[in-house]
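Engineer:
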Amino acid sequence: MLKVSVNNQLIDIESDTVLSELVKITGFADQMVAIAINGEFVPKHQYEHTVLASNDTIDIVKPIGGG
């Protein structure tokens, strides 16, 4: 098991977890989000191929509409 920080909360994940799986685990699968790992935004097409590492800091943000 690995520990990662998701939106400032520590969670345990399996060692081979990819970003797309984390999106499902955290309940963001049906939402439009942007994700940064350790301060670097990850393009959505790379979510399936981005393997998470111990102590990664993941920020999942939803766009806010306004005018």
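If you're matching positions, the sequence shown starts at 1219 in my numbering and goes up one per residue.
We put the beta carbon where it would ideally sit given N, CA and C, even for glycine.
Using alpha carbons as the reference points, say which of 1247, 1269, 1263 and 1270 lies closest to residue 1279.
Structural biologist: Within the sequence shown, residue 1279 is the residue found at index 61, counting from 1. Considering only alpha carbons, the answer is 1247.
Engineer: Measuring straight from C-alpha to C-alpha, what distance separates residue 1230 and residue 1284?
Structural biologist: Within the sequence shown, residue 1230 is the residue found at index 12, counting from 1. Within the sequence shown, residue 1284 is the residue found at index 66, counting from 1. Straight-line Cα distance between these residues: approximately 35 Å.
Engineer: For residue 1241, report the span of its alpha helix (DSSP H) as first-last.
Structural biologist: Sequence index remark: in the sequence shown, residue 1241 carries index 23 (1-based). That run of the alpha helix (DSSP H) goes 1237-1243.
Engineer: Considering only the alpha carbon of each residue, which of 1266, 1273 and 1271 lies closest to residue 1242?
Structural biologist: Locating residue 1242 in the sequence shown gives position 24, counting from the first residue. Nearest option by C-alpha distance: 1266.
Engineer: Leaving out the 5 sequence neighbours to the left and right, which residues in its chain are closer than 6 Å to residue 1253 when beta-carbon positions are compared?
Structural biologist: The sequence position of residue 1253 within the sequence shown is 35, counting from 1. The residues are 1260 and 1278.
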